[in-house]
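Going by my numbering, 61 is the number at position 28 of the sequence shown; the sequence numbering is gapless.
Right, one structure below, let's go through it.
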Amino acid sequence: DQNPRVEAREALNTLTHAIRGLPYELHQPRLQVIFRESIPEI
34 DQNPRVEARE ALNTLTHAIR GLPYELHQPR LQVIFRESIP EI
């Protein structure tokens, strides 16, 4: 996954479930739409 915020959230969810002893299913990565207008020109 290319989104650091989503990766950090997944890591925190995995850790908190492991600490609490709860089962946790890893979620599939989400698609993030990037429009050409949002990409800065170099």
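For every residue, glycine included, the Cβ atom is placed at its ideal position computed from N, Cα and C.
Query	Result
Three-state secondary structure assigned by DSSP to residue 43	helix
Residues near residue 66 by beta carbon distance below 8 Å, same chain, minus five either side	none
C-alpha gap between residue 50 and residue 57, whole angstroms	6 Å
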